[in-house]
Amino acid sequence: MYQAAQAIAANLGDRMAAPEQALYQRLFGLGAYVMNYVGQHYQRFYGHLAPPPLPAGAALGAQVEWLRDFLLRVAESYFATNSRGTIMDRCRRLESTIWERVFREDHAEVLSHGVLGRGLGDRLAQDAEAANGHMRLAESVRAITGTYVLEHPTATRFAETLLLLGQSLDRIQGKPYGQTVPYLGPRCGRLTAGHPIDLTARYGVYQSSRPAARQCVEEVTAAIAQAFAEAIVPS
Numbered sequence: 031m032y033q034a035a036q037a038i039a040a041n042l043g044d045r046m047a048a049p050e051q052a053l054y055q056r057l058f059g060l061g062a063y064v065m066n067y068v069g070q071h072y073q074r075f076y077g078h079l080a081p082p083p084l085p086a087g088a089a090l091g092a093q094v095e096w097l098r099d100f101l102l103r104v105a106e107s108y109f110a111t112n113s114r115g116t117i118m119d120r121c122r123r124l125e126s127t128i129w130e131r132v133f134r135e136d137h138a139e140v141l142s143h144g145v146l147g148r149g150l151g152d153r154l155a156q157d158a159e160a161a162n163g164h165m166r167l168a169e170s171v172r173a174i175t176g177t178y179v180l181e182h183p184t185a186t187r188f189a190e191t192l193l194l195l196g197q198s199l200d201r202i203q204g205k206p207y208g209q210t211v212p213y214l215g216p217r218c219g220r221l222t223a224g225h226p227i228d229l230t231a232r233y234g235v236y237q238s239s240r241p242a243a244r245q246c247v248e249e250v251t252a253a254i255a256q257a258f259a260e261a262i263v264p265s
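Under this note's numbering, the first residue of the sequence shown is numbered 31, with each subsequent residue one higher.
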């Protein structure tokens, strides 16, 4: 992974100014370190669940997807659920299963068995929460792509990637999601008010027929989209 970082850094001359190059190399190195360590940890303790290995020299994006697949396989092993579908499909399937284990429909029946039922139910919920931790980590490592900042090296993209990496570390430490936001420097906001869109002038046409109504809706939707696009300040 560090070799990949060096290879990309060697070709930054035409893409970034010198200060941005240094920042990008640090950011890329941090992401590579996090992904390397997480991958080694899971290989050591959950190696029997690892996906088929990637070919040597695989692109960073492929390595990230491999690690996300690995993390989800570990989460799925708690419930023996299948690994079919996209990453999003698998996460939603896991979420549903975790919910069913924590908020059980047979709650009253479980409590009728006293401390025995409650104790076993708590253990089941703890296992579900452990699986949830693996799944949330898989969602977080999407920040490490290696190309997002490179494509458009702005302060906004640097900050977004750092925040996502910070969220990954928070999840690993078991901290509440989104409650610890690192200070990245002064911030400012800009409010843009667009020109009003006249709906009254279109109302008569809208009422005339269904085709005309559809046409009016399309025109207004396009006008709103155009207004939003014009209000965006390039970063």
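Ideal Cβ placement from N, Cα and C applies to all residues, glycine included. Here the structure is a predicted model, which is why all the values come from computation and not from measurement.
Return the Cβ separation of residue i and residue j in integer angstroms, given the expectation that the two are a contact with Cβ distance under 8 Å.
i	j	result
VAL94	VAL171	6 Å
ALA252	GLY224	At roughly 14 Å, the Cβ-Cβ gap does not stay under 8 Å, so ALA252 and GLY224 are not in contact.
SER113	ARG103	6 Å
LEU154	GLY147	With a Cβ gap of about 11 Å, LEU154 and GLY147 do not count as contacting.
TYR108	ASP157	6 Å
TRP96	PRO85	No, TRP96 and PRO85 are not in contact; Cβ-Cβ is about 11 Å, not under 8 Å.
GLN197	TYR207	7 Å
ARG98	ALA168	5 Å
ARG166	ARG201	5 Å
ALA242	VAL235	5 Å
THR210	LEU57	With a Cβ gap of about 19 Å, THR210 and LEU57 do not count as contacting.
Between the options, which has its C-alpha nearest residue i's C-alpha?
i	options	result
PHE100	ALA161, LEU193, ALA62 and LEU53	ALA161
GLY61	GLU130, ARG220, ARG240 and LEU194	LEU194
PRO49	PRO183, TYR67, ALA86 and LEU90	PRO183
ARG217	THR186, GLN209, PRO206 and ALA242	THR186
ARG131	GLN73, GLU159 and ALA231	GLU159
TYR76	GLY215, GLY91 and ALA105	ALA105
ALA272	ALA231, PRO226, ARG240 and TYR233	Residue 272 lies beyond the range of the chain shown here (31 to 265); nothing can be said about it.
TYR204	HIS164, LEU150 and ARG232	Reading the sequence as shown, one finds Gly at residue 204 and not Tyr. Checked all of HIS164, LEU150 and ARG232; the closest Cα to GLY204 is HIS164.
ALA259	CYS246, THR222 and MET118	THR222
THR230	ALA255, TYR67, VAL247 and ARG220	VAL247
GLY219	VAL263, ILE254, TYR233 and GLY91	VAL263
VAL68	GLN209, GLY234 and LEU199	LEU199
ASN66	LEU90, HIS78, LEU79 and LEU192	LEU90
GLU110	ARG232, GLY59, SER239 and THR127	Per the sequence presented here, residue 110 reads as Ala, with Glu not at that position. That would be THR127, whose Cα lies nearest to the Cα of ALA110.
ALA92	ALA255, THR177 and GLN237	THR177
ILE254	ARG240, SER239 and ASP228	ASP228
GLN55	GLY215, LEU150, ARG240 and PHE188	PHE188
For the alpha helix (DSSP H) holding residue i, just list the boundary residues, first then last.
i	result
ASN66	48-76
ALA189	185-203
ARG114	Here ARG114 belongs to no alpha helix (DSSP H), and DSSP marks it neither H nor E.
SER170	144-170
ILE262	Looking at the DSSP string, ILE262 is not in any alpha helix (DSSP H), and its letter there is neither H nor E.
ASP99	90-107
HIS225	Per DSSP, HIS225 belongs to no alpha helix (DSSP H) and is neither H nor E.
VAL140	137-141
SER238	230-238
VAL179	178-181
Does the CB of residue i have a neighbour CB from chain B at under 9 Å?
i	result
GLU190	Protein chains in the displayed structure number just one, and chain B is not present.
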